[in-house]
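Peer 1: Just dropping this structure here.
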Amino acid sequence: MRLHSRRAVLAGAAAAPLLAIRTRPASAAEFSFKLANNSPVTHPQSVRQQEAATRIKDASGGRVEIQLFPNNQLGSDTDMLSQLRSGAIDFFTLSGLILSTLVPVASINGIGFAFKDYDTVWSTMDGKLGIYVRGEIGKRGLIAMDRMWDNGFRQITSSTRPIREPADLRGFKIRVPISPLWTSMFQAFGASPISINFNEVYSALQTKIAEGQENPLSLIEIAKLYEVQKYVSMTSHMWDGFWMLANRQSFESMPKNLQDIVAQQLNRSALDERSDIARLNDSVAADLKTKGLTFVEVDKPAFRTALKQARFYAEWRTKYGDEAWALLEGAVGSLS
Ligand code: X2X
6 MRLHSRRAVL
16 AGAAAAPLLA
26 IRTRPASAAE
36 FSFKLANNSP
46 VTHPQSVRQQ
56 EAATRIKDAS
66 GGRVEIQLFP
76 NNQLGSDTDM
86 LSQLRSGAID
96 FFTLSGLILS
106 TLVPVASING
116 IGFAFKDYDT
126 VWSTMDGKLG
136 IYVRGEIGKR
146 GLIAMDRMWD
156 NGFRQITSST
166 RPIREPADLR
176 GFKIRVPISP
186 LWTSMFQAFG
196 ASPISINFNE
206 VYSALQTKIA
216 EGQENPLSLI
226 EIAKLYEVQK
236 YVSMTSHMWD
246 GFWMLANRQS
256 FESMPKNLQD
266 IVAQQLNRSA
276 LDERSDIARL
286 NDSVAADLKT
296 KGLTFVEVDK
306 PAFRTALKQA
316 RFYAEWRTKY
326 GDEAWALLEG
336 AVGSLS
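Numbering (this note's numbering), first residue to last: 6 to 341.
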């Protein structure tokens, strides 16, 4: 039996090229795209992107197929950004702050203590500031979908000493993602930031190349960073999310109706992902405590004052320019 069916398969394979001349095999889509991210496969970002891909295939009648490559399978964020620009990857979700290495204003959402809560995050990034940033992204051969995906408010973890007040950051070897804003902010605190892509964070912490790092609780849990860290200080010092970016040529290779389907479904999944993260925010702290992480409550205004005194806001206001800064302050209130 086995031998028979093997022969049948071989015969079929030999015949396939002839058939392909006349008809497209049912499984091959007209538009085949790669979508990549840096998130673990169980992170809501990966789960919701897979769902979006499935809906896009259905809604396009099989014409558009998106294959998801989560968890840095295609390289670090820096590598994937190059691949997106060259068209080797068609879609990629990237932190606004890391994107700023190409589009400087894209880091503006990460200004220290800019957002007081999620309502303000979404009204700002779905509002005028988001439109402005997407416009700037559009000038660099990329297209940003309207809805950002949530990463979260960031908290500082450490394997050596708990960070209780700004002075504890002095000389602290902290891993930061690759972005001038991150480096500048932790330098303003007097820390020693080390720029490392996310795919190397766990091992950098494990080998103590870095004493600490900062990320949202949801990711500290999902990427198991609690295994190599002891303390988490609830600084919420910045909020960051992911822009869903498309290579312009790839995106515009589709007719308008398919572009609309893809954009709609990606935006819808971004909203689903935001609710997932909101739910995780409510539950994850208890779990991290049982896994041995010690929580440290901090006086956030003291951290913000330290940044002001280091002229952090004044410096970045000049870098972004008055227009962008006015859009930020118009949405979140006065910062400097
Ligand atoms: O690299 C990080 O720390 C991460 C996963 O939060 C970002 O994508 C910025």
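Ideal Cβ placement from N, Cα and C applies to all residues, glycine included.
Do you know offhand how far residue 306's Cα is from residue 338's?
Peer 2: The alpha-carbon atoms of residue 306 and residue 338 are separated by roughly 15 Å.
Peer 1: Take the Cβ of residue 323 as the centre, count every other Cβ of all protein chains shown within 10 Å, and call the residue buried at 16 or more, exposed below.
Peer 2: Classification of residue 323: exposed, given that the 10 Å Cβ count is below 16.
Peer 1: Starting from residue 90, follow the alpha helix (DSSP H) in both directions and report where the run begins and ends.
Peer 2: Run containing residue 90: 82–91, per the alpha helix (DSSP H) assignment.
Peer 1: Given 7 Å as the limit, tell me if residue 77 has its C-beta closer than that to any heavy atom belonging to ligand 1.
Peer 2: Not so, every heavy atom of ligand 1 lies at least 7 Å from the Cβ.
Peer 1: Suppose you measure from the CA of residue 99 to the CA of residue 241; what does that come to, to the nearest Å?
Peer 2: So the alpha carbons of these two residues sit roughly 20 Å apart.
Peer 1: List the DSSP bridge partners of residue 249.
Peer 2: Beta-bridge pairing links residue 249 to 98.
Peer 1: What does the Cβ neighbour count give for residue 54, buried or exposed, with the cut at 16 atoms within 10 Å?
Peer 2: Classification for residue 54: buried.
Peer 1: Going along the chain, which unbroken runs of the beta strand (DSSP E) with 3 or more residues stay wholly within the stretch 120–163?
Peer 2: Complete beta strand (DSSP E) runs here, min 3: 147–149, 154–158, 160–163.
Peer 1: Roughly how many whole angstroms lie between the Cα atoms of residue 145 and residue 251?
Peer 2: When rounded, the distance between both Cα atoms is 11 Å.
Peer 1: Check each candidate in 263, 308, 248 and name the one with the smallest Cα separation from residue 97.
Peer 2: That would be 248, whose Cα lies nearest to the Cα of residue 97.
Peer 1: Rank 192, 108, 212, 131 by C-alpha distance to the C-alpha of residue 4 and give the top, closest one.
Peer 2: This structure cannot settle anything about residue 4, because the visible part of the chain is limited to 6 through 341.
Peer 1: Could you give the residue range of the beta strand (DSSP E) that holds residue 313?
Peer 2: Premise fails: residue 313 lies in the alpha helix (DSSP H), 305–314, not in any beta strand (DSSP E).
Peer 1: Answer yes or no: the CB of residue 103 versus the heavy atoms of ligand 1, is any distance below 7 Å?
Peer 2: Yes, the Cβ of residue 103 comes within 7 Å of a heavy atom of ligand 1.
Peer 1: Going straight from the alpha carbon of residue 168 to that of residue 239, what length do you get?
Peer 2: Using only the alpha carbons, I get a separation of about 9 Å.
Peer 1: CA-CA distance, residue 181 and residue 85?
Peer 2: Going from the Cα of residue 181 to the Cα of residue 85 covers about 18 Å.
Peer 1: Which term fits residue 105, buried or exposed, when burial requires 16 or more other beta carbons within 10 angstroms of its beta carbon?
Peer 2: Under this definition residue 105 is a buried residue.
Peer 1: Could you tell me which residues DSSP puts in a beta bridge with residue 36?
Peer 2: Answer by DSSP bridge pairing, in chain order: 69.
Peer 1: Can you check whether the CB of residue 299 is closer than 8 Å to the CB of residue 225?
Peer 2: No.
Peer 1: Quick one: grab the DSSP three-state call for residue 199.
Peer 2: Here residue 199 sits in strand by DSSP.
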